[in-house]
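In our numbering, the protein residues as written are 201 to 765.
What follows is the structure in structure tokens.
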């Protein structure tokens, strides 16, 4: 299990939105007031918690921060904002204090500026307090992320980790250049996150010639400020290892393709790359346009209209189904980096791919594997071949590849729906809706599917729509089953497999169920090396004759023994 520890301040922010910044001695009515937990490290931990929950990655998240008394109202409010998922057990509680570090923020709607007044009377963390907290966590494979508020203390804490926990990964964020001592942290860290204040440009003068050289800050065209209150926070999306390189690159290419056709529907991906690290596996990052998440999921009509627009506008560069690189569902690679003229062929490959992973990771279940193989051999052909035969055709559409209520939202500023965290490729448009069939997803309501069909009618044969939707749901639910072991996903998939087989190949199902009844233990054995659900063949006539001869010989021997006695 991986471990991430954030070390920094935890604030309670009170935000007043006003029409314009007040002048001295002016009385002004605020338009809105809100209170929320702040602090760079707590915000980073909250984002990581939500992202890790989506992909089912087992990771322990801890915060080391100075807080008031455990019994104070403020501490309880902070804990509620981070639980479940982020532990405060390593925090330093000042029992004689009841108020947390606080920020009072005046936000001007006229200029989007924000003026902050901080108050903090809590004694700051001392080096020995951090040492004790780190020792209590006592694990080697831990990522420590420092806010870099008090450079001299932060430096000593990092050096202690280097001496005591040599395998720890260390990152630090540098926000305010005038703060002395921040530069000394850079050579000690594996990863450094710089704020915009460090990237305002740099010039050099060569005295002998008087020539200037330099590099100005990059200003992307068409960029605009979304929310200045979050300007001090750093959104950190970091992964490590070769599989995660594929995941980051795949998401970048996916978001890039979606943004190309429907810019408002997906945040613009800016870049991705690899961090240079002196120890441990390679680490990769993704940088994208920031949008503040509002209502999740968005209301059906506008959301499905934009989704259908993406499906209609997109054009496969090859005219085929597939994608130019591998994309992922969660942290699991999906078979997309190939091109097929037949949607039936590509989907069968993709479904067999996840069935094989599930088979390798999960306990043997012969009945499950039999129905899985039957779906691959019978159901896929029965339901997908008619889409591209008898004069029918379907268009390869760019799909998000993993839509559920957790990666759809309403933009707080524009009010428009948008999607993120994609694993795109060119597919049958109805494939997109397969993930909506999962129980518990808020997109599974009839209103979303009904709204989508108004914009993009069902493919012919229309009477197969529900069975196709059930078939497409398998790709998502099988993946969820092996990403979240111990859940009931696999049992639900088993019932779906049986139902799909009853619809598409009832004779085979009846014969199989009859054979199960004939088994004493209610199970059938798998043939050796048979893949998904291959059954042992019934004994042939020759084998039956040999068995009868052996029985007769045994009876003769018994009779001879009795006569001899």
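Just so it is clear, CB atoms sit at the ideal spot from N, CA and C, and this is done for glycine as well.
Would you mind reading off the limits of the beta strand (DSSP E) that contains residue i?
i, result
"residue 766", "It is not possible to answer for residue 766, since the shown part of the chain is limited to 201 through 765."
"residue 545", "Per DSSP, residue 545 belongs to no beta strand (DSSP E); it is in the alpha helix (DSSP H), 543-561."
"residue 767", "Beyond the ends of the chain as shown, which are 201 and 765, falls residue 767; an answer cannot be given."
"residue 610", "608-610"
"residue 485", "483-488"
"residue 471", "469-475"
"residue 317", "314-319"
"residue 374", "369-374"
"residue 529", "527-529"
"residue 394", "391-394"
"residue 532", "532-534"
Output yes or no for whether 8 Å exceeds the beta carbon distance between residue i and residue j.
i, j, result
"residue 627", "residue 490", "no"
"residue 367", "residue 341", "yes"
"residue 185", "residue 531", "Past the edges of the chain, shown from 201 to 765, lies residue 185, and the structure says nothing about it."
"residue 773", "residue 268", "With the chain covering 201 to 765 only, the question about residue 773 has no answer from this structure."
"residue 220", "residue 308", "yes"
"residue 470", "residue 488", "yes"
"residue 514", "residue 616", "no"
"residue 461", "residue 472", "no"
"residue 610", "residue 495", "yes"
"residue 500", "residue 651", "yes"
"residue 451", "residue 622", "yes"
"residue 632", "residue 599", "yes"
"residue 360", "residue 374", "no"
"residue 518", "residue 449", "no"
"residue 264", "residue 237", "no"
"residue 620", "residue 523", "no"
"residue 454", "residue 527", "yes"
"residue 350", "residue 388", "no"
"residue 261", "residue 251", "no"
"residue 690", "residue 562", "yes"
"residue 209", "residue 239", "yes"
"residue 586", "residue 661", "yes"
"residue 355", "residue 329", "no"
"residue 327", "residue 353", "yes"
"residue 529", "residue 601", "yes"
"residue 339", "residue 203", "yes"
"residue 325", "residue 372", "no"
"residue 783", "residue 605", "There is no way to answer for residue 783, as the model of the chain reaches only from 201 to 765."
"residue 293", "residue 276", "no"
"residue 701", "residue 693", "no"
Could you name the residues that DSSP lists as bridge partners for residue i?
i, result
"residue 381", "Partner(s): none; residue 381 has no beta bridge."
"residue 262", "205 and 287"
"residue 598", "626"
"residue 493", "611"
"residue 621", "Beta-bridge pairing links residue 621 to no other residue."
"residue 213", "236 and 303"
"residue 267", "293"
"residue 539", "522"
"residue 719", "BP columns for residue 719 are empty, so no partner."
"residue 344", "205 and 370"
"residue 308", "218"
Between residue i and chain B, is there a C-beta pair that is closer than 8 Å?
i, result
"residue 588", "Of the chains in the structure shown, none is chain B; there is only one protein chain."
Got a sec, what are the start and stop residues for the alpha helix (DSSP H) residue i sits in?
i, result
"residue 165", "Outside the displayed range of the chain (201 to 765) lies residue 165, so it cannot be described from this structure."
"residue 338", "That residue, residue 338, is in no alpha helix (DSSP H); it is neither H nor E in DSSP."
"residue 573", "566-574"
"residue 700", "689-704"
"residue 649", "646-655"
"residue 356", "351-364"
"residue 500", "500-513"
**Study point:** Inter-stretch contact (C-beta, 8 Å, three-pair minimum) for the stretch 337-345 and the stretch 302-318
**Key:** Because the criterion of three Cβ pairs below 8 Å is not met, the stretch 337-345 and the stretch 302-318 do not touch.
**Study point:** contact_flag[the stretch 673-682, the stretch 652-664] where n(CB pairs < 8 Å) is 3 or more
**Key:** Using a C-beta cut-off of 8 Å, the stretch 673-682 makes no contact with the stretch 652-664, since fewer than three inter-stretch Cβ pairs fall below that distance.
Review point. On the three-pair Cβ rule with 8 Å, is the stretch 585-601 touching the stretch 701-714?
Key: Short answer: they don't touch.
Practice item. Could you tell me whether the stretch 228-243 touches the stretch 207-219, where touching means 3 or more Cβ pairs closer than 8 Å? Key: At 8 Å Cβ cutoff, the stretches touch.
Check your understanding: Does the stretch 542-549 come close enough to the stretch 634-653 to have 3 or more Cβ pairs within less than 8 Å?
Key -> No, because fewer than three Cβ pairs between the stretch 542-549 and the stretch 634-653 fall closer than 8 Å, the two stretches do not touch.
Exercise for review: Please determine if the stretch 695-712 and the stretch 570-588 are in contact, where contact requires at least 3 C-beta pairs separated by less than 8 Å.
Suggested key: Contact between the stretch 695-712 and the stretch 570-588 is present: 3 or more CB-CB pairs across the two stretches fall below 8 Å.
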